[in-house]
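So the protein sequences, as listed, match chains A and B.
Take 1 as the starting number for the first sequence in our numbering and just add one per residue.
Take 612 as the starting number for the second sequence in our numbering and just add one per residue.
Heads up, the beta-carbon is just placed ideally off N, CA and C, and yes, glycines get one too.
Computed from a predicted model, the values in this text were never measured in an experiment.
These notes are about the structure you will find just below.
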Amino acid sequence: MDVSKYAALFLAESREHVSACNQLLLEWERDPGAVEPVGGLFRSIHTIKGMAATMGFTGVADLSHRTENLLDALRHGRAAPKPETFQLLFRAVDALGRAVEGAGAGSEPPADEGLGRDIDAAAGASGGDERPGAIATSSTPTRPVQVTIRSDAVMRGARASLVLRRAEALGRVTALRPPPAQLEREDFDGKFSFRLECAASNDEVAAALCTAGDVEAIRFEQTSPTEAAIGVRGRQIRVDLGRLDALMKQVGELVVAKNRLVVLAARAQDPLFEELSDRIARLVSGMQGEVIAARMAPVGEVFDRFPRLVRDVARDLGKRIRFDMEGEEIELDRSILDEIGEPLLHLIRNAADHGIETPDRRTGAGKPAEGRILLSANRERNSVALRVSDDGRGIDRAAILAKARREAMADASVETLTDDLLLRVLARPGFSTAEAVSGVSGRGVGVDAVMTRVRALGGTLDVKSEMGQGTTFTIRVPLTLAIVRALLAVAGNERYAVPLAYVAETVEFDPGAVTTVRSREALLVRDQMIPTVHLRHLVAGAAGPAPPRRPTIILEVGDRRTALVVDALMGQQDIVVEPFDAPRGMPPFVGGATILADGAPALILDAAALL
Amino acid sequence: MSHTVLVCDDAIFMRTMISDILAQAGFQVVGEAESGVQAVEKYHQLKPDLVTMDIVMPDMGGIEAVREICKTDPEAKILMCSAMGQQALVVEAIQAGAKDFVVKPFQPSRVLEAVQRVLG
């Protein structure tokens with residue numbers, strides 16, 4: 001397994017967060033009364049902490065944990081931000097940036113204890129006691145260890161675990177690569193590495209590890225990421241993702257030009273021109289397919305880091321958790337894949353921390369002592385569903401409903417909490433049902449961070465939970481971000497693009513089939529009542545009367561449906577999704593913008609926001 | 612003085628073979644057990660220097676027996692005997708406290724190497 005993939009992902013994501021932290025700090029310093037920056041900072045630092053702990057970068061994890069404590073104190077008004085506080089936070093973010101770069105390059109810089117103490121002091125007394133046991137700093141040296149098991153040895157994985165037992169007898173073992181589950185695979189090649197924290201000399205360590213037998217070589221150095229990446233599977237080359245992005249952008253432009261060409265050719269009524277335009281259209285489609293395929297990578301690349309995480313969390317919390325993964329081979333666009341790791345990390349941590357009960361409680365409730373978390377990927381039309389399910393305690397709907405009423409998100413007449421409302425409450429910034437704060441998760445970071453991230457990808461988030469039975473979160477994301485197939489719809493004088501990934505079917509709006517469900521208009525389609533949304537009503541300035549015949553697009557996200565009534569449909573088109581900085585006041589159902597075949601701009605509708 | 616060994620396997624064939632390999636190398640096979648329960652009993656009774664333990668046995672498997680033995684004697688020197696394809700079980704046994712393993716079919720030299728490592 002290519003271990004450098006984790007390191008590269010860690011580095012890329014952490015860099016983004018560090019840079020976001022700097023911007024947020026600047027924003028916050030300008031307006032110390034603002035509440036958004038501190039929330040964003042907290043989430044970014046929290047994410048870095050989670051990733052670093054997973055990677056075994058204890059220095060980064062420790063520093064982010066302390067910074068997070070300080071931010072938590074500031075967020076809850078326990079400590080007011082002073083100019084010195086901002087200066088301290090900038091120092092912390094800078095140190096974090098250096099630590100991240102160092103860890104990514106193979107050597108974490110030594111911890112700046114002075115800085116750590118300053119942060120703890122600023123956070124007040126709350127700093128020290130919340131530090132999780134797993135992230136202990138100590139002066140015992142840790143060293144990287146690379147072990148190669150003889151290639152003719154039988155059961156190399158079992159041999160590796162003997163080596164690890166020997167290592168554990170010497171000191172603390174962290175950052176094991178590949179993860180334990182992979183050591184036991186038949187195709188494990190006998191090479192593994194870890195960090196060992198112990199006082200013994202290299203020679204003593206080597207001698208002790210060799211007593212495990214069948215050890216060919218022991219080296220005390222870091223595997224260089226490139227070295228690990230080269231030499232896996234034969235005829236492949238590594239391409240900078242930036243190049244693929246550039247290529248994708250060019251192909252995107254080409255697709256727009258091609259769409260334009262097809263329109264012109266149809267108008268020109270010249271057979272030769274038309275034939276040529278057809279040919280170019282086919283070639284461009286083929287090329288687009290190839291570029292998208294080149295950008296696809298199996299979700300397993302992101303999944304692989306989670307078993308270790310669950311194992312560690314379970315051990316820290318004294319729980320027994322079986323972690324299973326399905327559909328690792330399902331592919332997603334690289335850019336989506338890079339973004340999806342963090343939301344999944346939050347959901348899995350939440351499941352392990354808050355979902356699964358302690359063995360005692362489970363047996364008491366008549367459940368097996370060992371809890372189960374399943375992470376699965378499934379292809380659904382043009383999207384991929386990623387699910388995190390646990391068989392834990394489930395969400396206490398009564399408590400959530402009470403909370404929703406207190407915060408005026410539900411009026412007193414609401415008696416049952418639907419999954420939709422449940423998600424809305426869970427996704428409130430700062431919301432937490434955690435009974436206790438642990439180092440693992442649950443300081444109110446989580447569902448809102450997941451929601452924000454997933455929505456930014458054009459995806460959706462769903463939750464299903466049953467008290468005592470468990471909780472399932474489903475993230476749905478499009479297969480690729482850059483070019484999507486869309487249905488073009490008209491309302492008034494404007495055209496809108498609806499990504500096909502969420503279109504179940506189109507029907508004719510039949511006024512005779514309109515009924516009312518809970519004071520909302522609904523359409524009866526094959527005995528199923530689907531709430532309606534009229535695009536004309538949503539968009540201001542839809543001039544003129546509605547046409548007599550109105551096509552209706554049935555949108556489907558998971559098992560939720562809505563009927564979007566439009567003025568007319570204009571067929572399908574591949575659209576290039578342009579990065580979109582939504583101006584203030586932009587309605588939430590607009591997910592992006594694109595240029596159509598005739599060169600005119602159109603807004604892309606966000607199906608999830610219309611549900 | 613030669614080291615004492617307890618051989619645990621439910622098949623007479625395997626017990627005989629392991630005993631022969633070890634006896635020829637100068638070890639003293641002081642007992643045999645054909646189930647996990649027997650293995651634990653005989654371990655406490657005989658206090659052997661070394662135990663060879665089959666993984667799959669009736670009345671408490673080898674892994675469970677390792678766990679039982681290591682509860683009272685974490686330093687017990689137990690060598691697991693496993694068949695091909697039982698890697699996950701071997702790993703479990705190691706986590707339970709087994710000190711090494713050999714894989715069937717046995718090559719006498721391999722068995723003796725492992726025994727030497729375990730006896731250190």
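Item: Nearest candidate by alpha-carbon position, reference residue 545 of chain A, set A:566, A:174, A:552, A:525; Value: A:566
Item: heavy atom of the ligand MG below 7 Å from residue 199 of chain A C-beta; Value: The ligand MG is not part of the structure shown, which contains no ligands of any sort.
Item: Cβ contact (3+ pairs, closer than 8 Å) linking the region 388-408 of chain A and the region 499-513 of chain A; Value: no
Item: is_contact[residue 698 of chain B, chain A] using C-beta, thresh 8 Å; Value: yes
Item: Simplified DSSP assignment, three categories, for residue 329 of chain A; Value: coil
Item: CB of residue 610 of chain A within 8 Å of CB of residue 555 of chain A, strictly; Value: yes
Item: Partners in chain A for residue 587 of chain B, counting only beta-carbon separations shorter than 7 Å; Value: Past the edges of chain B, shown from 612 to 731, lies residue 587 of chain B, and the structure says nothing about it.
Item: Neighbour-count burial assignment, residue 436 of chain A, 16 or more Cβ in a 10 Å radius; Value: Unreliable positioning characterises residue 436 of chain A in this predicted model, as indicated by a pLDDT of 35, which lies under 50. The coordinate reading is nonetheless provided below. Looking at its Cβ environment, which holds fewer than 16 other Cβ atoms inside 10 Å, residue 436 of chain A is exposed.
Item: Proximal residues to residue 499 of chain A (C-beta, below 6 Å), its chain only, five neighbours per side dropped; Value: 484, 486
Item: DSSP beta-bridge partners of residue 627 of chain B; Value: Bridge partners of residue 627 of chain B: none, in fact.
Item: Residue 108 of chain A, buried or exposed, once every other Cβ within 10 Å from all chains shown has been counted against 16; Value: buried
Item: Sub-8 Å separation of residue 167 of chain A and residue 209 of chain A beta-carbons; Value: yes
Item: Counted within 10 angstroms of its Cβ, other Cβ atoms place residue 616 of chain A as buried (16 or more) or exposed; Value: One cannot answer for residue 616 of chain A here, as it falls past the ends of chain A, which runs 1 to 611.
Item: CB-CB length for residue 564 of chain A against residue 539 of chain A, believed under 8 Å; Value: Not confirmed; about 12 Å, so no contact.
Item: Exposure of residue 731 of chain B, with buried meaning 16 or more beta-carbon neighbours within 10 Å; Value: exposed
Item: Presumed contact (8 Å Cβ cut-off) between residue 612 of chain A and residue 550 of chain A, rounded CB distance; Value: This structure gives no information on residue 612 of chain A, because the portion of chain A shown stretches from 1 to 611.
Item: 7 Å Cβ shell around residue 337 of chain A - same chain, five flanking residues per side excluded; Value: 297, 299, 301, 302
Item: Residue 594 of chain A (DSSP reduced to helix, strand or coil); Value: strand
Item: Where the beta strand (DSSP E) through residue 371 of chain A begins and ends; Value: 371-380
Item: Range covered by the beta strand (DSSP E) that runs through residue 639 of chain B; Value: 639-644
Item: Interface residues of chain A facing residue 714 of chain B [CB-CB closer than 9 Å]; Value: 154, 155, 158
Item: Neighbouring residues, chain A, relative to residue 705 of chain B (Cβ below 9 Å); Value: 158, 161, 162, 164, 165
Item: Nearest-angstrom beta carbon gap, residue 619 of chain B and residue 662 of chain B [assumed within contact, 8 Å]; Value: 6 Å
Item: Residue 107 of chain A, DSSP secondary structure in three states; Value: coil
Item: Opening and closing residue of the alpha helix (DSSP H) in which residue 120 of chain A lies; Value: 113-123
Item: Option in A:568, A:308, A:419, A:322 with minimal Cα separation from residue 548 of chain A; Value: A:568
Item: Contact list for residue 184 of chain A against chain B, beta-carbon separation under 7 Å; Value: 698, 699, 702
Item: Within-8 Å CB hit, residue 636 of chain B to chain A; Value: no
Item: In chain order, each beta strand (DSSP E) run of at least 3 residues that lies wholly inside the region 673-721 of chain B; Value: 689-693, 711-714
Item: Residue 696 of chain B burial status per 10 Å Cβ neighbour count (16 or more: buried); Value: exposed
Item: Start-to-end residues for the alpha helix (DSSP H) that takes in residue 654 of chain B; Value: 647-657
Item: Supposed contact pair residue 143 of chain A and residue 149 of chain A - C-beta distance, whole angstroms, cut 8 Å; Value: Contact doesn't hold; Cβ gap of about 19 Å is too wide.
Item: Per-residue DSSP class, three states only, for residue 198 of chain A; Value: coil
Item: C-alpha gap between residue 129 of chain A and residue 90 of chain A, whole angstroms; Value: Note that residue 129 of chain A has pLDDT 38, beneath the 50 cutoff, so the model's placement of it is unreliable and the number below is only indicative. Each residue's Cα considered, the two are about 24 Å apart.
Item: Sheet register partners of residue 323 of chain A (DSSP bridge); Value: A:373
Item: Cβ-based burial, residue 220 of chain A [other Cβ within 10 Å; buried from 16]; Value: exposed
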